[in-house]
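Enquirer:
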Amino acid sequence: MAIYKLGDIVKIKRGNIINSNDLKNNPGDYPVISSNTKNNGVFGYINSYMYDGEYITISADGAYAGTVFLQKNKFSITNVCFILIPKIKQLFNEKYLFYLLKKSENKIKKQSIVGSSRPAVREYTLRTLEINIPPLEIQNSIIDINVFISFSAFSIVSILTKWLCLKNNSSCGSIIDIIEPLEKQLNLIKDQINLFKKQQDFYSNKLLTSLGKFYKLGEISNVISGRGPNGVKNIEAFKSEYGGVNWLLVKNLKSNQIQGEIGKYNFDPLKHKLIKLNKNEMVYSMYATPGIVAINFENNDLYINQSFCKIIPNPHIVIQKYLYFYLIKNKNNFLKFSSGTTQKNLNLSLVKKFNINIPPLETQNLLISIIEPLKYKNLFN
């Protein structure tokens with residue numbers, strides 16, 4: 000991934016002066032894009048066009064200066080609107096750059112807008128904006144995610160609107176007129192989700208295995224085994240609802256998160272030589288149900304036994320969340336190292352030898368931004 004100035008990868012131009020009289024005297028079908036923030040920036044329609052294709056436009060003047068749009072097909076722009084024309088078309092996908100600028104729109108407005116009576120975006124400020132450009136393969140995966148989410152949101156809004164119409168006995172046709180289209184829409188969403196899962200499985204597999212350099216897990220992180228309470232034979236005798244030690248069990252690791260009620264015990268951390276899993280540290284199961292990874296987001300006094308190890312990444316080499324997702328995605332590969340006849344287990348030595356593909360930190364951050372929304376929508380596993 001490389002960082003460019005926006006002006007290095009696109010030519011930024013203003014349009015021509017086009018007013019309402021021009022639209023009235025030259026009626027047509029081609030949209031004219033201005034500083035308007037509604038209807039994708041369309042000011043009106045005219046009988047000629049300046050551009051044909053997919054381009055990004057940015058409102059240049061007025062209260063909503065800095066608003067980003069993506070235009071398609073034939074259109075024109077006014078003098079209060081910028082158009083971004085690619086200098087190197089093979090470098091980036093137009094939709095990726097649009098999503099990137101749209102995501103940062105508020106930030107762009109704060110940095111770019113000047114003037115109190117009539118705010119305006121300066122061309123110089125746009126030219127000097129820094130833009131992260133990853134390989135096209137990663138750009139395309141980001142586009143697929145955004146298209147899917149936009150489609151799903153639109154479909155759900157449509158379904159809710161029709162449902163409210165029916166509930167309020169509004170004039171919206173017979174119930175069959177409502178149910179049949181809804182059923183088709185729901186089936187379409189289901190198909191889109193299945194396709195999306197397959198696409199993201201491909202992307203995440205490919206992205207998490209084809210970039211960077213391989214390291215042993217023990218080379219890039221401190222891997223520490225948990226430990227049972229020293230000198231204690233009957234652990235359950237120490238269990239108490241008033242105990243000061245939260246004791247993690249394998250059953251508490253579900254869906255790669257720490258869940259359920261944590262058992263409390265009257266252990267003395269120093270006397271019993273316990274291993275503490277600090278807040279925001281990562282834990283990995285080695286016994287019973289090996290290969291489950293989680294991050295301790297909530298518990299301040301959580302301790303782990305020998306069924307687990309905790310993994311503390313070197314932040315100069317690997318980001319914790321990247322490693323977390325990598326361990327999830329490659330679980331089956333790592334479990335091939337497990338041993339045992341009736342129950343397959345791992346040990347600390349094997350875990351330290353896991354091969355981890357580590358790209359540059361900025362690429363790790365980009366991959367996290369792709370994968371994290373999928374994880375919390377249950378589309379990454």
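At position 35 of the sequence shown (counting the first as 1) the number is 34 in numbering that gives the first Met the number 0, and the numbers step up by one without a gap.
Beta carbons are placed, not taken as given, at the ideal position from N, Cα and C, and that holds for glycine.
The model shown is predicted, which means the values in this text are computed figures rather than measured ones.
#1: Quick check on the burial criterion: 16 or more other C-beta atoms within 10 angstroms. Buried or exposed for residue 105?
#2: Which class does residue 13 belong to by DSSP, given the choice of helix, strand or coil?
#3: Just to confirm the assignment, what range does the alpha helix (DSSP H) spanning residue 324 have?
#4: In angstroms, rounded to a whole number, what distance separates the CA positions of residue 211 and residue 329?
#5: Look at the alpha carbon of residue 298 and the alpha carbon of residue 261, and state the distance between them as a whole number of angstroms.
#6: As a quick exercise: from 89, 231, 102 and 53, pick the residue whose alpha carbon is nearest that of residue 83.
#7: Measuring straight from C-alpha to C-alpha, what distance separates residue 344 and residue 305?
#8: From this set, 12, 27 and 13, which residue's C-alpha is nearest residue 19's C-alpha?
#9: Drop a sphere of 10 angstroms on the beta-carbon of residue 252, count the other beta-carbons inside from all chains shown, and report buried for 16 or more, exposed for fewer.
#10: With a threshold of 16 other CB atoms inside 10 Å of the CB of residue 2, please say whether the residue is buried or exposed.
#11: Which term fits residue 33, buried or exposed, when burial requires 16 or more other beta carbons within 10 angstroms of its beta carbon?
#12: What residues in its chain sit with their C-beta under 6 Å from that of residue 326, if we drop five residues either side in the sequence?
#13: To the nearest angstrom, report how far apart residue 93 and residue 55 are at their CA atoms.
#14: Which class does residue 370 belong to by DSSP, given the choice of helix, strand or coil?
#15: Give me the Cβ distance between residue 289 and residue 334, rounded to the nearest whole Å; I'm assuming they're in contact under 8 Å.
#16: Rounded to whole angstroms, what's the CA-CA distance from residue 360 to residue 284? Just pull it up for me.
#17: Only counting runs of 3 or more residues, tell me where the beta strand (DSSP E) segments fall wholly within the region 194–279, in order along the chain.
#18: Whose CA, out of 307, 142, 240 and 296, lies closest to the CA of residue 222?
#19: Residue 228 to residue 263, Cα distance in whole Å?
#20: Quick one, which of 136, 310, 97 and 320 has its alpha-carbon nearest residue 353's?
#21: Give me the Cα-Cα distance between residue 276 and residue 254, rounded to the nearest whole angstrom.
#22: Kindly identify the DSSP beta-bridge partner or partners of residue 354.
#23: Would you mind giving the Cβ-Cβ distance between residue 120 and residue 97, rounded to the nearest angstrom? I have them listed as a contact below 8 Å.
#24: How would you call residue 40, buried or exposed, if buried means at least 16 neighbouring beta carbons within 10 angstroms?
#25: Whose C-beta lies closer than 7 Å to the C-beta of residue 175 among residues of the same chain, with five residues either side of it excluded?
#26: Bridge partners for residue 58 per DSSP, in chain order?
#27: As a quick exercise: from 81, 58 and 31, pick the residue whose alpha carbon is nearest that of residue 72.
#28: Which same chain residues, not among the five before or five after residue 137, have their C-beta less than 6 Å away from its C-beta?
#29: Would you list the one or two residues that DSSP bridges to residue 348?
#30: Check whether the Cβ atoms of residue 133 and residue 365 lie closer than 8 Å to each other.
#31: In this structure, does DSSP put residue 53 in helix, strand or coil?
#32: Exposed or buried, which one is residue 241 when buried takes at least 16 other CB atoms within 10 Å?
#33: Kindly give me the distance between the Cβ atoms of residue 117 and residue 60, rounded to whole angstroms, as I take these residues to be in contact under 8 Å.
Expert: Let me lay it out:
#1: Per the 10 Å Cβ criterion, exposed.
#2: Looking at residue 13 - three-state DSSP - the assignment turns out to be strand.
#3: 319–328 is the extent of the alpha helix (DSSP H) around residue 324.
#4: Spanning the alpha carbons of residue 211 and residue 329 requires a straight line of approximately 16 Å.
#5: The alpha-carbon separation between residue 298 and residue 261 amounts to approximately 9 Å.
#6: Ranking 89, 231, 102 and 53 by Cα distance to residue 83 puts 53 first.
#7: Their backbone Cα atoms lie some 12 Å apart in a straight line.
#8: If you compare the alpha carbons of 12, 27 and 13 with that of residue 19, the shortest gap goes to 27.
#9: Burial of residue 252 is indicated by the presence of at least 16 other C-beta atoms within 10 angstroms of its C-beta.
#10: The residue in question, residue 2, is exposed, as its Cβ has fewer than 16 Cβ neighbours within 10 Å.
#11: Residue 33 should be labelled buried.
#12: Taken in chain order, the residues that qualify are 292.
#13: In a straight line, the C-alpha of residue 93 is about 7 Å away from that of residue 55.
#14: Secondary structure at residue 370: helix, using DSSP grouped into helix, strand and coil.
#15: Taking C-beta atoms under 8 Å as the contact rule, residue 289 and residue 334 qualify, at a distance of about 6 Å.
#16: One alpha carbon belongs to residue 360, the other to residue 284, and they sit about 26 Å apart.
#17: Listed in chain order, the complete beta strand (DSSP E) runs (minimum 3 residues) inside the region 194–279 are 212–215, 220–224, 244–246, 262–264 and 274–276.
#18: Of all alpha-carbon atoms in 307, 142, 240 and 296, the one lying nearest the alpha-carbon of residue 222 is that of 307.
#19: C-alpha of residue 228 to C-alpha of residue 263: approximately 13 Å in a straight line.
#20: Looking from the CA of residue 353, the closest CA among 136, 310, 97 and 320 belongs to 310.
#21: When rounded, the separation of the alpha-carbon atoms in residue 276 and residue 254 is 19 Å.
#22: Residue pairing by DSSP places residue 354 opposite 215 in a beta bridge.
#23: Not confirmed; about 16 Å, so no contact.
#24: Result: buried.
#25: In this predicted model, residue 175 has a pLDDT of only 46, less than 50, meaning its place in the structure is not dependable enough to derive any value.
#26: In DSSP, residue 58 forms a bridge with 80.
#27: For the residues 81, 58 and 31, the minimum Cα distance to residue 72 belongs to 31.
#28: In the same chain as residue 137, and ignoring 5 residues on each side of it, no C-beta atom comes closer than 6 Å to its own.
#29: Per the DSSP secondary-structure output, residue 348 pairs with nothing in a beta bridge.
#30: For residue 133 and residue 365, yes; Cβs fall inside 8 Å.
#31: Here residue 53 carries a coil assignment [DSSP, helix/strand/coil].
#32: Per the 10 Å Cβ criterion, exposed.
#33: About 6 Å; that satisfies the 8 Å criterion.
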